[in-house]
Structure formats: C-alpha cells, structure tokens
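Report on one structure; see the data block that follows.
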Amino acid sequence: MGVNRRKFLKIAGISTLGVAAKPATDALAFNPKEWLDEKLGGFTPSEILLHFGHKPEGSVPGEALTGTRWAMVVNVRSLDEEIAEACMDACHKVHNVPHIENPKHEIKWLWDEHYENALPGQHHEHIDDDIKKLPFLVMCNHCYNPPCVRVCPTKATYKRKKDGIVIMDMHRCIGCRFCMAACPFGSRSFNWKDPRKYFKDEEYPNPKYPTRMKGVVEKCNFCAERLAEGQIPACVEVAQKLCAEKGKEPALVFGDLDDPDSEVRQVLRSHYSVRRKPELGTHPNVYYIV
Amino acid sequence: MLEKAFLGGRKYWTWMICLLIVMGAGFGAWLFQFRDGLGITGMSRDISWGVYIANFTFLVGVAAAAVMVVIPYYIHHYKAFGRITILAEFLGVSAVLMCLMFIIADLGNPVRALNVLLHPTPNSILFWDMVVLNGYLFLNIFIGWNVLMAERKGSAPPGWLKPVIYLSIPWAVSIHTVTAFLYAGLPGRHFWLTAIMAARFLASAFAAGPALLILFCLIIRKNTKFDPGEEQIHTLSGIVTYAMILNVFFFLLECFTGFYSQIPGHMHTIQYLFAGLHGHTGLVPWMWTAVFFWTVSLILLIVPAARRANDVLAVACVTVFIGCWIDKGVGLVIGGFIPNPLEHITEYQATVPEVLITLGVWATGFFVLSALYKIAITVKEELGA
Amino acid sequence: MYDGGKIIAGIIIGLVLLTFPIWYTHGMAPKRPEVKLPEKEKKCVKDGPYMKTKHMQLLDLWRDSTVRAQKRIFVSEDGRKFTMSLQNTCMSANCHAKKSEFCDRCHNYTGVDPYCWDCHIPPKEEPKEKSEEML
Chain A
48 MGVNRRKFLK
58 IAGISTLGVA
68 AKPATDALAF
78 NPKEWLDEKL
88 GGFTPSEILL
98 HFGHKPEGSV
108 PGEALTGTRW
118 AMVVNVRSLD
128 EEIAEACMDA
138 CHKVHNVPHI
148 ENPKHEIKWL
158 WDEHYENALP
168 GQHHEHIDDD
178 IKKLPFLVMC
188 NHCYNPPCVR
198 VCPTKATYKR
208 KKDGIVIMDM
218 HRCIGCRFCM
228 AACPFGSRSF
238 NWKDPRKYFK
248 DEEYPNPKYP
258 TRMKGVVEKC
268 NFCAERLAEG
278 QIPACVEVAQ
288 KLCAEKGKEP
298 ALVFGDLDDP
308 DSEVRQVLRS
318 HYSVRRKPEL
328 GTHPNVYYIV
Chain B
78 MLEKAFLGGR
88 KYWTWMICLL
98 IVMGAGFGAW
108 LFQFRDGLGI
118 TGMSRDISWG
128 VYIANFTFLV
138 GVAAAAVMVV
148 IPYYIHHYKA
158 FGRITILAEF
168 LGVSAVLMCL
178 MFIIADLGNP
188 VRALNVLLHP
198 TPNSILFWDM
208 VVLNGYLFLN
218 IFIGWNVLMA
228 ERKGSAPPGW
238 LKPVIYLSIP
248 WAVSIHTVTA
258 FLYAGLPGRH
268 FWLTAIMAAR
278 FLASAFAAGP
288 ALLILFCLII
298 RKNTKFDPGE
308 EQIHTLSGIV
318 TYAMILNVFF
328 FLLECFTGFY
338 SQIPGHMHTI
348 QYLFAGLHGH
358 TGLVPWMWTA
368 VFFWTVSLIL
378 LIVPAARRAN
388 DVLAVACVTV
398 FIGCWIDKGV
408 GLVIGGFIPN
418 PLEHITEYQA
428 TVPEVLITLG
438 VWATGFFVLS
448 ALYKIAITVK
458 EELGA
Chain C
17 MYDGGKIIAG
27 IIIGLVLLTF
37 PIWYTHGMAP
47 KRPEVKLPEK
57 EKKCVKDGPY
67 MKTKHMQLLD
77 LWRDSTVRAQ
87 KRIFVSEDGR
97 KFTMSLQNTC
107 MSANCHAKKS
117 EFCDRCHNYT
127 GVDPYCWDCH
137 IPPKEEPKEK
147 SEEML
C-alpha cells in the first residue's frame with residue numbers, strides 16, 4: 048500500500064486536531080457539556096425536542112432556600128422512639144406515603160433501623176447497650192456520586208445540578224427498578240399496587256402534594272417542594288421542635304455542605320461523624336453522629 | 078417462505094395450538110398484572126427482580142449461543158456447521174424475542190417503555206442492553222432469512238451479507254456481556270460485584286444454548302426428513318462439555334474467593350443459597366438440585382462413550398439446561414438480593430400469575446421458534462438435504 | 017367477472033359494515049360540552065383560545081420546568097405571577113376547582129382519559145356533583 052507524503056500529512060493534521068481538542072477547550076475554559084446545558088436552559092436535547100423547541104419556562108421562586116450541596120446530619124444520641132416516630136410520621140404525611148401492612152410491599156421514605164443494620168460494617172459483639180437501643184433514622188443519602196442515577200435508563204432519577212438533591216421524576220419512571228438494585232442502602236420503594244387503595248375515602252394527608260401511581264419508584268426527596276417554598280424538610284422541623292422541648296441537641300440538622308457557616312458544617316466540625324458504607328465511594332450526604 | 082410455517086401435519090398443528098393456549102393463559106394473567114400492578118407477583122421491596130428478570134438473564138445467554146455455531150463455520154470454515162447455522166440463528170431470534178417480552182412483562186409502566194428511546198442515557202447499562210438486544214434481534218432475522226433464501230435458491234449468500242455476519246459475532250458476545258454488566262457494576266450487591274460475572278455468564282450461555290440446540294437437532298432428526306447430522310451434534314456436544322466445565326470452574330472460583338477470604342459480603346449469599354442464612358432456607362433445595370444436575374451432566378459429557386450415545390447425550394443436555402437455568406436464574410438473580418443492603422433477609426416465591434405469564438412468554442418463544450424452524454426445515458427437505 | 021354476483025354482494029356488505037358507525041349513530045350525537053368557567057377569576061394564565069388547544073403542551077412544559085429545571089414561578093403575558101402547579105394553581109379554589117364541571121366535560125365527550133389525576137389530587141367535590149361525570 049505505502050503511505051505517501053500527502054496521506055501522511057493529512058493523517059497527521061487530523062490527529063493533531065483530535066489530540067489538541069481537549070487541551071484547547073480546557074485552556075479556553077470552554078466545557079462543551081456546560082455550554083450546551085446553558086444554551087438549552089436546563090433541558091437535555093431530547094427534552095427540548097419533545098417540548099417543540101421550548102426551553103424551561105419560568106423562574107426559581109424568590110423564597111426558595113438556596114444551597115449547592117444539601118446534606119443532613121443525624122445526631123443519633125438525641126433520638127428516641129418518640130422523636131423517630133414523629134419524624135417518620137411527618138415525612139409520610141407530607142408526601143402522602145401510604146401505610147401498607149404487607150412488609151413486602153411497604154413504601155418507606157424515612158424509617159428507623161438498629162445499629163447493626165444501619166451501619167453493618169461497624170457492628171461488633173461488644174457494642175454498648177445505649178447504641179443497641181437507639182433508633183437509627185435512615186433515608187436516601189442523596190449521594191454525591193449516586194449509583195442509582197448512573198443506572199437509570201431514562202433519567203427519571205437524576206441529581207439536580209443546582210443543589211445536589213437526587214430526585215425522582217414520577218412522570219418518566221418506567222418502573223424497571225434498576226435503581227432499586229443499584230442503591231447500596233436500600234432507600235428506594237416501589238409501588239407494587241395502586242397506592243391510593245391504601246387511603247380511605249380518598250382522604251389524603253396532604254392534598255397539596257400528589258400521590259404516586261402504581262409502577263413507579265419513590266424515595267426521600269429532601270422535601271424539595273418545601274425547600275422551594277423556603278421551608279426546611281418536614282422531618283427536620285419536627286425533630287428540632289421536639290428536641291428543643293426535651294432540651295436535647297437537635298436530632299436532625301439540615302443545611303448546605305458547601306457553606307462553611309451552615310448548621311451542618313458547624314455540627315460536623317464539633318462532633319465525630321460517620322456515613323453509611325463509605326467504602327463504596329458513593330459519598331453520601333447524610334452523616335451520623337453516634 | 079413465510080407460507081411454509083402454515084404447511085404442517087397433525088403433530089405440528091397440535092403442538093402450535095397447545096402453545097397458543099399457554100400463550101393465551103399467559104396473556105390473560107398479564108392483563109391482570111397490567112390492571113393491578115406488579116403486586117400480584119412474589120416480588121417485594123427487597124427482592125425487586127424476580128422470575129421475569131431471571132428468565133431474561135438466562136435467555137440472553139441462550140440467544141448468544143448462536144455464535145458458537147457461527148464462529149466455527151464462518152471464521153474457521155468448519156464446513157459441517159453449514160447445515161445448522163440457520164437453526165442456531167433462529168434460536169437466537171426466538172430467545173431474544175423472549176428476552177424482550179420478559180422485560181416488558183417486568184416493567185412497572187410498560188406504556189412508558191419508549192422513554193428509553195426518547196431520553197437516551199448512555200451512562201445507563203440498561204440503555205445499552207436495549208440497543209444490543211434489539212440490534213441482535215434484527216441481525217439474526219436479517220442474516221437467517223437471507224442465508225435461508227439463498228440456500229433455497231441454490232446459490233451462495235450475497236457478498237454484502239458477510240460483513241453483517243462478522244458483525245453478529247462480537248455482537249453476540251456483547252449482548253451477554255452487557256447483560257452481565259447490569260449486575261457486575263452495582264456497588265451494593267456483593268454477590269454480583271465480581272469481574273468474573275461476564276465470563277461466568279458467557280460460559281453458562283455457551284453450555285446451555287448449544288445444549289438446547291442439540292436437543293432440537295435430535296427432535297428434528299426424529300420428526301422430520303431433515304437430519305442435522307451426527308458430526309454436527311457431536312461437535313456441539315464437545316462445545317457444551319468445555320463450556321460446562323468452565324462454568325462450574327468459574328462458580329467454584331467464586332466460592333473460593335468468598336470462603337477463603339472469609340469476607341461476609343462475599344460469603345453470605347452463597348451460604349444462603351446452599352445452607353440457608355439465619356434460618357432462611359428457601360432456595361437451598363433448588364441449588365442442590367442444580368448441583369446434582371451439574372454433576373450428572375459433567376459425568377455424562379466428559380465420559381466419551383456417554384457423550385457419543387445420543388440418548389445419554391440428550392439426558393446430559395437436559396440436565397445442563399435445567400442446571401444452568403437454576404444457577405443463573407434462581408441462584409444468581411434472586412440470590413443477589415439476599416441479604417438486602419440493610420442485612421435483612423426477605424425470601425421470594427413466585428406466584429401463580431407470575432408463573433403463568435412466564436410460561437406464556439416461553440410458549441410465545443417456542444411458537445416463533447417452531448414457525449421459523451418449520452420454514453427452515455421445509456426448505457431443507459425440499460432441497461433434499 | 018367470475019363470481020361477480022358474490023363479489024359485488026360482498027363489497028356492498030363490507031361497505032355497510034365499514035360505515036356502520038356513521039349511519040347507525042346519525043342524529044345521536046351528544047350535545048357539545050359546556051364547561052363551567054370559574055366565577056371569580058376571569059383571566060387564565062394564558063388566553064382562552066390558546067388554552068383550549070394547547071393546555072396539554074403547557075402543562076407538559078410546566079411539568080418539566082418545575083420538576084427538572086426547578087423553575088416554579090410563571091409570569092403571564094400581563095405580568096401576573098403563578099406557581100406552576102396543576103393541583104394548587106390550575107385547580108385552586110378560585111379557578112378550575114371542580115374537575116367534574118370543567119375538565120371532565122370535554123374529556124368525557126372526546127373520550128380522552130389523561131392519567132394526570134392518577135397522581136395529582138383534584139380538589140374534593142361533593143358526591144352529588146360527581147354524577148355529572150356520567151354524560
């Protein structure tokens with residue numbers, strides 16, 4: 048065959064372009080992904096097409112709480128059965144989570160576990176009795192590097208760019224349950240049947256928030272809809288109120304990890320904290336003070 | 078050539094009508110599921126994938142096994158396999174069709190299935206699974222039909238078909254590798270989080286698929302005028318033997334890693350499957366049945382006299398198929414969910430509607446396979462092959 | 017034409033069967049639906065003709081803007097601010113609060129069954145008004 052000079056120069060030219068593309072765009076501080084995202088206003092190209100070329104409508108509410116990396120700290124030593132129950136109740140009521148008797152079909156956004164189930168890698172035979180009795184509140188960890196988001200084939204679950212919340216788009220979920228298999232923390236529940244059947248007479252605890260339908264996955268959403276109205280998550284509100292009444296340190300603290308002066312950062316600075324299954328590299332944003 | 082699927086004797090039509098009845102029952106059960114939700118199955122919050130995905134995983138392997146006939150014939154010019162490539166390719170078609178049906182049956186919202194296409198997500202393995210499975214289905218239909226058409230006309234297949242056939246070879250490997258990746262990349266499931274997952278999948282696929290193909294060849298030889306050939310069956314049996322040995326070997330490797338390292342995450346599921354965990358022993362009888370079948374199959378396959386005798390070979394192939402189905406479907410998919418990420422154990426039992434739907438899908442696959450085989454065999458009979 | 021009689025007879029029967037829905041239901045068409053507009057609010061988020069034809073596209077865009085882009089505040093052409101929400105804005109007490117008197121009237125007539133309300137909770141109505149759904 049043989050490569051003549053012309054061919055060689057052509058190949059060399061194209062290769063240089065290919066190799067130099069990334070360093071050049073880096074040097075110019077140009078990230079094609081970010082540029083596209085900005086141009087499209089927050090929608091993906093397929094979403095723009097499906098909305099006939101419209102970019103997202105409207106603006107962020109002024110009263111919304113702002114943060115770039117929402118996190119929660121669970122101070123387990125402040126928890127007791129009453130506070131844990133109140134938190135779970137508040138969460139499930141605000142979001143119309145049905146109470147399902149059959150444990151196989153149960154839906155839970157926030158619930159409590161024993162130490163050996165919440166932090167299995169840490170458990171040993173001679174754990175002190177206090178820890179053995181404490182209710183460990185567990186929920187979706189809104190990981191910084193979420194495997195559930197990685198596996199979702201439709202981006203029905205995705206990490207919000209603005210604030211890091213891992214959220215569900217109930218309209219898009221096809222119910223494949225891959226995210227449930229991927230979550231290392233068992234945080235996700237599936238609607239095996241129509242959840243409305245578990246409410247009597249169509250009386251829903253919170254008529255301002257939708258229910259879900261059968262066939263979609265759901266989980267804690269860090270009360271994104273409350274954050275948009277300037278309110279902290281329901282469980283945190285209830286926990287802080289009860290702990291203040293009982294003279295305890297707040298059992299749940301919520302805030303922006305990227306803000307050095309936020310409550311979460313203060314609490315993390317002054318206490319030793321752990322996270323669930325850190326060895327898996329998901330970087331959970333829920334911390335536990337034990 | 079499609080009209081040949083309608084030309085059959087009494088046995089053929091009885092078989093097809095029986096299949097149609099099972100398909101109807103399965104479809105009826107699926108309608109209940111469509112109306113009431115997946116709650117009518119035995120799946121639960123902890124075991125979120127059950128018999129549907131188990132069968133899907135197993136059948137992707139069976140579909141990939143067509144490559145075990147294609148490679149020797151097209152790459153190594155092993156002329157003998159020319160007689161049966163069409164059978165392997167059509168088996169691939171019906172197996173992939175069953176896979177796709179199982180996926181649809183398993184979806185919580187099947188009407189939204191198009192979202193996977195409307196919102197392509199390249200970082201999701203499920204997206205790629207959809208791509209490669211549909212691609213494989215198309216490839217095999219396209220290749221099989223054209224090769225058969227050419228054979229019927231008495232000419233060589235067209236030249237442009239060759240690159241398509243070459244493409245189908247890595248594609249076949251890819252369908253099962255991608256399916257293995259569904260499991261092997263999940264950080265929370267220690268039973269699945271192993272590099273050997275893809276290799277194990279391929280080994281069991283290349284054992285179970287050709288084993289089924291051998292059974293089909295024996296059935297075809299008995300019931301039609303087309304004889305796939307003694308040499309072909311014998312070579313296939315050799316492939317099944319090696320694949321089966323590798324399959325069992327890979328499984329024992331997993332056991333070693335788990336039990337020699339004594340790391341709980343690596344051991345617990347194997348303990349649950351073979352001995353029970355904390356009193357839960359639901360799958361123990363299944364797994365030991367699989368071990369029994371594997372042992373029998375290995376003996377019957379490795380001993381040359383046994384493998385050569387077609388009756389014994391048939392038994393071996395049945396034990397290979399069932400053993401691999403239990404190991405991959407029941408053991409691997411269900412076992413991976415136990416214990417759950419919070420170290421609780423929930424067990425799984427398929428319900429009647431679930432089993433009906435499963436049987437309905439299998440019946441549909443066999444229906445399509447029978448029709449395609451009828452066409453292929455009629456063509457070959459007419460040619461006096 | 018061989019068997020010409022049978023063929024022509026078959027064609028006629030076929031045409032009769034094919035056009036059955038047209039001639040059988042002649043004169044039986046139900047009245048055009050009349051929706052009950054809200055009493056207090058006279059202006060919607062967009063003008064009436066637009067909403068009639070494109071409310072579903074609008075709702076879809078609102079849905080993705082709110083859920084996926086976190087943009088919740090919509091400003092109408094005449095400067096009024098609304099939170100983009102089917103349950104809490106469109107179906108608020110001052111606006112289209114009665115599903116059976118508004119949404120269902122046209123949906124039932126056209127045979128459209130949107131699954132929005134499988135999840136989104138419509139405001140509760142008195143049982144007697146619900147019978148309006150049986151058009």
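Chains as they are written, first to last, in the working numbering: chain A, 48 to 337; chain B, 78 to 462; chain C, 17 to 151.
Ideal Cβ placement from N, Cα and C applies to all residues, glycine included.
None of the values given here were measured: they were computed from a predicted structure.
Query	Result
Taking the Cβ atom as the reference point for each residue, do A:Ser125 and B:Leu195 lie within a distance shorter than 8 Å?	no
Could you tell me if C:Lys87 is buried or exposed, where buried requires 16 or more neighbouring beta carbons within 10 angstroms of its beta carbon?	buried
Tell me the rounded alpha-carbon separation between C:Lys59 and C:Asn124.	25 Å
Drop a sphere of 10 angstroms on the beta-carbon of B:Trp222, count the other beta-carbons inside from all chains shown, and report buried for 16 or more, exposed for fewer.	buried
Spatial neighbours of A:His318 within its chain, please: CB distance less than 7 Å, with the 5 preceding and 5 following residues excluded, ordered by chain position.	Ile336
Entirely within the segment 162-240 of chain A and at least 3 residues each: give me those beta strand (DSSP E) ranges in chain order.	183-185, 204-206, 213-215
If contact means a Cβ-Cβ distance below 9 Å, which residues of the segment 86-120 of chain B contact chain A?	Asp113, Gly114, Leu115, Gly116, Ile117, Thr118, Gly119, Met120
Can you tell me whether DSSP reads B:Asn300 as helix, strand or coil?	helix
Would you call A:Cys195 buried or exposed, if buried means 16 or more other Cβ atoms sit within 10 Å of its Cβ?	buried
Closest to A:Arg219 by C-alpha separation, out of A:Gly262, A:His170, A:Gln278, A:Glu81, would be which residue?	A:Gly262
Just checking my contact of B:Ser245 with B:Leu216 at CB under 8 Å: how many whole Å lie between their CB atoms?	5 Å
Should B:Ala448 go down as buried or exposed, given a rule of 16 or more other Cβ atoms within 10 Å for buried?	buried
Name the DSSP beta bridge partners of C:Asp80, please?	DSSP output for C:Asp80 lists no bridge partner at all.
Taking only three categories from DSSP, how would you classify A:Lys295?	coil
Could you have a look at C:Glu148 and say whether DSSP puts it in helix, strand or coil?	Only weak support exists for where C:Glu148 lies, its pLDDT of 47 falling under 50; the value from the coordinates is given anyway. The answer is helix: DSSP assigns C:Glu148 an H, G or I state.
Alpha carbon to alpha carbon, what distance is there between C:Lys62 and B:Gly262?	48 Å
In chain order, what residues of the segment 203-226 of chain A put their CB closer than 7 Å to some CB of chain D?	No chain D is part of this structure, whose protein chains are labelled A, B and C.
Assign A:Ser106 to one of three DSSP states: helix, strand, or coil.	strand
Against chain C, with Cβ distances strictly below 8 Å, would A:Pro108 count as a contact?	yes
Quick one: give me the first and last residue of the alpha helix (DSSP H) that B:Met364 is part of.	361-379
Using a beta-carbon distance below 8 Å, is A:Tyr245 in contact with chain C?	no
Is the beta carbon of A:His330 sitting closer than 8 Å to the one on A:Cys190?	yes
Just confirm the distance between the C-beta atoms of A:Met186 and A:Val333, as a whole number of angstroms; I'd bet it's less than 8 Å.	7 Å
Leaving aside the five residues before and after C:Glu149 along the sequence, list all residues of the same chain whose C-beta is less than 6 Å from its C-beta, in chain order.	Unreliable positioning characterises C:Glu149 in this predicted model, as indicated by a pLDDT of 47, which lies under 50. The coordinate reading is nonetheless provided below. Counting only Cβ-Cβ distances below 6 Å, and skipping sequence neighbours, we find Ser116, Asp120.
Would you give the residue range spanned by the beta strand (DSSP E) that C:Met44 belongs to?	First-last for C:Met44: undefined, no H or E at that position.
Measuring CA to CA, which of C:Thr35, C:Ile38, C:Thr99 is closest to A:Pro108?	C:Thr99
Looking only at its own chain, which residues have a Cβ that is under 6 Å from the Cβ of A:Lys324, when we skip the five neighbours before and after it?	Pro231
Check whether the segment 88-105 of chain B and the segment 396-415 of chain B are in contact - that is, three or more C-beta pairs closer than 8 Å.	no
Going by DSSP, what residues sit across from A:Asp306 in a beta bridge?	None, per the DSSP bridge assignment.
Which full runs of the alpha helix (DSSP H) of 4+ residues lie inside the segment 71-117 of chain C, going along the chain?	none
Based on the DSSP output, what are the partners of B:His357 in its beta bridges?	B:Leu354
From B:His357, B:Phe303, B:Asn132, pick the residue whose C-alpha is nearest to that of B:Thr455; which is it?	B:Phe303
What would DSSP say about A:Ser320, mapped onto helix, strand or coil?	coil
If I follow the unbroken beta strand (DSSP E) through A:Val333, where does it start and stop?	333-336
Among A:Leu184, A:Asp303, A:Leu304, which has the Cα closest to the Cα of A:Asp127?	A:Leu184
Output needed for B:Ile202: all residues of its chain with C-beta closer than 7 Å, excluding positions within five of it in sequence on either side, in chain order.	Val255, Phe258, Leu259, Gly262
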